[in-house]
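Trainee: Handing you this structure, nothing more for now.
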Amino acid sequence: MENQNSNQNNPDNNTGGGPDNNRRRNNRFSWIFCLVAALFVVFSFSYMSKQMEQSTLREITYSEFIDLLEQGKLSAIEVQPDKERIVLTPVTASVDYNSNITYYTGYFPYDTGLQQRCEEAGIKYAATYTDKTVTILDIILSYVLPFVLIYVVMILLFRMLTKNGGMMGSVGKSNAKVYVEKETGVTFKDVAGQDEAKESVTELVDFLHNPGKYTRIGAKLPKGALLVGPPGTGKTLLAKAVAGEAKVPFFSLSGSDFVEMFVGVGASRVRDLFKQAQSQAPCIVFIDEIDAIGKSRDSHYGNDEREQTLNQLLSEMDGFDASKGIVILAATNRPEVLDKALLRPGRFDRRIIVDKPDLKGRLEILKVHAKNVLMHDSVDLEAIALATSGVVGSDLANMINEAAILAVKEGRTVVTQEDLFESVEVVVAGKEKKDRILGTEEKKIVAYHEIGHALVTALEKKAEPVQKITIVPRTMGTLGYVMQVPEEEKYLMSKEELLARLTTLLAGRAAEELVFGSVTTGASNDIEKATSIARAMVTQYGMSEKFGLMGLESIEDRYLDGRPVLKCADETAAEIDHEVMELLRISHEKARELLAENREPLDKLAAFLIEKETISGKEFMQIYREAAGTKEESKGEEG
Ligand code: ADP
166 MENQNSNQNN PDNNTGGGPD NNRRRNNRFS WIFCLVAALF VVFSFSYMSK
216 QMEQSTLREI TYSEFIDLLE QGKLSAIEVQ PDKERIVLTP VTASVDYNSN
266 ITYYTGYFPY DTGLQQRCEE AGIKYAATYT DKTVTILDII LSYVLPFVLI
316 YVVMILLFRM LTKNGGMMGS VGKSNAKVYV EKETGVTFKD VAGQDEAKES
366 VTELVDFLHN PGKYTRIGAK LPKGALLVGP PGTGKTLLAK AVAGEAKVPF
416 FSLSGSDFVE MFVGVGASRV RDLFKQAQSQ APCIVFIDEI DAIGKSRDSH
466 YGNDEREQTL NQLLSEMDGF DASKGIVILA ATNRPEVLDK ALLRPGRFDR
516 RIIVDKPDLK GRLEILKVHA KNVLMHDSVD LEAIALATSG VVGSDLANMI
566 NEAAILAVKE GRTVVTQEDL FESVEVVVAG KEKKDRILGT EEKKIVAYHE
616 IGHALVTALE KKAEPVQKIT IVPRTMGTLG YVMQVPEEEK YLMSKEELLA
666 RLTTLLAGRA AEELVFGSVT TGASNDIEKA TSIARAMVTQ YGMSEKFGLM
716 GLESIEDRYL DGRPVLKCAD ETAAEIDHEV MELLRISHEK ARELLAENRE
766 PLDKLAAFLI EKETISGKEF MQIYREAAGT KEESKGEEG
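With the first letter of the sequence shown counted as 1, position 41 gets the number 206 in my numbering; the numbers rise by one all the way through.
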């Protein structure tokens, strides 16, 4: 987005079909084309008019002419010595006279008595000399003026056709949106977290700065690097930072810009792009979403256009002279679908992983974006970073912005911690849906469901503490939710922790069953999540006794949705289902037991939530302790 804006500000940069050089060349071509075409039209017209004049003349012999004269069939003659002919005007009634045809005969200068014979026959006699001197005006009027007129019309027509990639522009010529930034203004400081990725590209910066240093020693320079990672992790930002650090121009376009309906267009765009880049070397060329053209060619659904474009890209990458200092960076979140030929040495031989940020990374990203926003002193970005596990850089940038907007809405001049937490909720669960009012019964069910989750979380020591519970509906479809904040970021999960997570997820449904004796649709999301965790435990983590350490699933599209694909026989798949079912059943039972044992805190907490709609972690723990305390006491008394 930023990219496009900056170019809109500077229309010269947005070449939309090539840099200045290219445009000048195209212009020159159109001028020459129109010149030749106009000359052709003028000369064809003059030739055609001569031909037409010829077709209206008819020559007769001199003796025929004398016969006509003597028979009195002519009314006048005109001698034209310079054209060596005598033009005849017949008496209409006497000859087969066609008024569209001019009759003439050759001029015979030795017939000196012709004039006298005419006088005797009473025929008008005239002699004319046409002025043979050609004036400049004649030339202008008969050749230059028509030529200029036709030329101008042609130029206008040509411009109209090629404007905005019109008919002629769209076929064959590159009108892909190449965004060129002379200076991106982005540096490594703007890219927070991604330390390993930055380290990998630092070398590229040095190479762009001083290619000679590498070529002198005989080192082959890298031609391209592939940035791999989930969407929003800062791949584009990193590519821009490389250009910014090296202070070289940044060409960027998306893989899908190459591919068009017409076969061959993409290939010509690739050629064009490389030509442009070479004319501005050293520079960075950034191709976003390269999987749009770089998909493996052996897939069953071949596409001529895409394959040609890919072939062209491969040959251009082989062909260009890397010592000039051109680096091609490409981004993708589906590296596994890319054609192997793209990844071999000499092309995108480096793979730089730009993964989701860890706790430290998130904190740094928050700091980078918080720099430009007025924050209250009490703001603790670390707490926000802790609460946003699994979130990518673009979401974090968005959260800071949402918080600032929220503060303005509330009439504050600085952003507070509450604004930040609210914006985390907005990004994760959507905005509060004020117009959706839950009925009393529904509200009660949602409250028990959410308290069920939270209470089991608190009871299972291994689960994370609760930050906040709310039953205000949100725009992303949730009717209520429990926000959990881990005390620290974890990279490993033990089997016990995963089982605790399953119990927590199924506790919402368990609470509904326990209190209302029936169930609702509200648990669908919990069931989905719990099932996928249980399935992963069986098929990927080797946590089921039945299958032991057998890997039964592999992950596809790791950087997108991480879809698991089964790799086993149908019978095994059926057994996996049984195993998963059993895990879920045990967890559900456990959740029910835990809630039944803690019915009093469950009722008290739900009553509070129904009344207030939101309950903080502190309030929750206080009510829980009080209720649990009374239970302990009453137990003691009974004893
Ligand atoms: P991608 O190309 O991986 O989809 P982008 O580079 O377009 O992601 O990131 C989008 C925005 O998210 C950036 O403009 C930036 O504001 C923010 N962002 C993402 N990652 C980071 C990061 N590591 N540091 C700072 N900002 C980031």
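Even for Gly, the Cβ is constructed at its ideal location relative to N, Cα and C.
Source: prediction; values computed, not measured.
How far does the beta strand (DSSP E) with Gly526 in it extend, from its first residue to its last?
Mentor: Where Gly526 is concerned, there is no enclosing beta strand (DSSP E), although the alpha helix (DSSP H) it sits in stretches over Leu524 to Ala535.
Trainee: How would you label Val309, buried or exposed, when you count the other beta carbons within 10 angstroms and need 16 or more for buried?
Mentor: exposed
Trainee: Rounded to whole angstroms, what's the CA-CA distance from Ala761 to Leu679? Just pull it up for me.
Mentor: 7 Å
Trainee: Residues bridged to Gly389 by DSSP?
Mentor: Ile493
Trainee: If you draw a straight line from the C-alpha of Gln443 to the C-alpha of Pro638, how long is it?
Mentor: Between the alpha carbons of Gln443 and Pro638 lies a distance of about 55 Å.
Trainee: Does the beta-carbon of Leu302 have 16 or more other beta-carbons within 10 angstroms, so that it is buried, or is it exposed?
Mentor: exposed
Trainee: Is it right to say Met708 is buried, meaning 16 or more other beta carbons lie within 10 angstroms of its own, or is it exposed?
Mentor: buried
Trainee: Give a yes or no on whether the C-beta atoms belonging to Ala357 and Glu529 are separated by under 8 Å.
Mentor: yes
Trainee: In three-state terms, what does DSSP make of Val336?
Mentor: Unreliable positioning characterises Val336 in this predicted model, as indicated by a pLDDT of 42, which lies under 50. The coordinate reading is nonetheless provided below. Reduced to three states, the DSSP call for Val336 is coil.
Trainee: From Gly330 to Asp247, what does the alpha carbon distance come to, in whole angstroms?
Mentor: Because Gly330 carries a pLDDT of 45, less than 50, the predicted location of this residue cannot be relied on, and the following value inherits that uncertainty. Spanning the two alpha carbons is a distance of roughly 56 Å.
Trainee: Going by the CB atoms, is the gap between Ala562 and His534 shorter than 8 Å?
Mentor: yes
Trainee: Suppose the cutoff is 8 Å on Cβ atoms and the five residues either side in sequence are ignored; what does the same chain contact list for Glu615 look like?
Mentor: Ile634, Thr635, Ile636, Gly645, Tyr646, Val647, Gly673 and Leu774
Trainee: Is Ser421 near ligand 1, going by C-beta to nearest heavy atom under 7 Å?
Mentor: no
Trainee: Using the rule of at least 16 other Cβ atoms within 10 Å of the residue's Cβ for burial, across every protein chain shown, is Ser417 buried or exposed?
Mentor: Buried, since its Cβ has 16 or more Cβ neighbours within 10 Å.
Trainee: Can you tell which of Arg790, Thr380, Leu392 and Ala411 has its C-alpha closest to the C-alpha of Gly821?
Mentor: It is not possible to answer for residue 821, since the shown part of the chain is limited to 166 through 804.
Trainee: Which whole-angstrom value describes the C-beta separation of Ala390 and Val366, a residue pair presumed to lie in contact below a C-beta threshold of 8 Å?
Mentor: 7 Å
Trainee: Report yes or no: do the segment 472 to 480 and the segment 521 to 528 share at least 3 C-beta pairs separated by less than 8 Å?
Mentor: No: fewer than three Cβ pairs fall under 8 Å.
Trainee: For the alpha helix (DSSP H) containing Thr779, name the first residue and the last one.
Mentor: Where Thr779 is concerned, there is no enclosing alpha helix (DSSP H), although the beta strand (DSSP E) it sits in stretches over Thr779 to Ser781.
Trainee: With hydrogens ignored, establish whether the beta-carbon of Gln359 is closer than 7 Å to any heavy atom of ligand 2.
Mentor: Ligand 2 is absent from the structure shown, which contains only ligand 1.
Trainee: For my contact list, Thr267 and Thr221 are in at a C-beta cut-off of 8 Å; report their separation, rounded to the angstrom.
Mentor: 6 Å
Trainee: Given the structure, does Gly397 come close to ligand 1, in the sense that its CB is under 7 Å from one of the ligand's heavy atoms?
Mentor: yes
Trainee: Contact defined as beta carbons within less than 8 Å: I believe Ile751 pairs with Val703. What is the distance between those atoms, to the nearest angstrom?
Mentor: No, Ile751 and Val703 are not in contact; Cβ-Cβ is about 13 Å, not under 8 Å.
Trainee: Rounded to whole angstroms, how far is the Cβ of Leu494 from the Cβ of Val407, which I believe are closer than 8 Å?
Mentor: Right, the Cβ-Cβ distance comes to about 7 Å (below 8 Å), so this counts as a contact.
Trainee: Note down the Cα distance separating Glu784 from Glu590, rounded to an integer number of angstroms.
Mentor: 19 Å
Trainee: Using DSSP with H/G/I as helix, E/B as strand and the rest coil, what is Asp453?
Mentor: Strand.
Trainee: Less than 8 Å between the beta carbons of Arg499 and Asp545, yes or no?
Mentor: no
Trainee: Secondary structure at Arg790, three-state DSSP: helix, strand or coil?
Mentor: helix
Trainee: When every heavy atom of ligand 1 is checked, does at least one fall within less than 7 Å of the C-beta of Gly409?
Mentor: no
Trainee: Let me check understanding here. Comparing Cα to Cα, which of Phe415, Gln445, Ser433 and Ala496 lies closest to Glu454?
Mentor: Nearest to Glu454 by C-alpha distance, out of Phe415, Gln445, Ser433 and Ala496, is Ala496.
Trainee: Give me the Cβ distance between Arg512 and Lys655, rounded to the nearest whole Å; I'm assuming they're in contact under 8 Å.
Mentor: Actually they do not touch by this definition, with Cβ atoms about 38 Å apart.
Trainee: Can you say whether Asn263 is buried or exposed, counting buried as having 16 or more other CB atoms within 10 angstroms of its CB?
Mentor: exposed
Trainee: Would the C-beta of Leu749 count as close to ligand 1, meaning under 7 Å from any of its heavy atoms?
Mentor: Not under cutoff, so the answer is no.
Trainee: Going by other Cβ atoms of all chains shown within 10 Å of its Cβ, with 16 needed for buried, is Glu625 buried or exposed?
Mentor: buried
Trainee: Give, in chain order, every unbroken run of the alpha helix (DSSP H) that is at least 4 residues long and sits entirely within the segment 224 to 279.
Mentor: 227 to 235
Trainee: Contact between the segment 766 to 773 and the segment 712 to 720 is defined here as three or more beta-carbon pairs at a separation below 8 Å; is this criterion met?
Mentor: no
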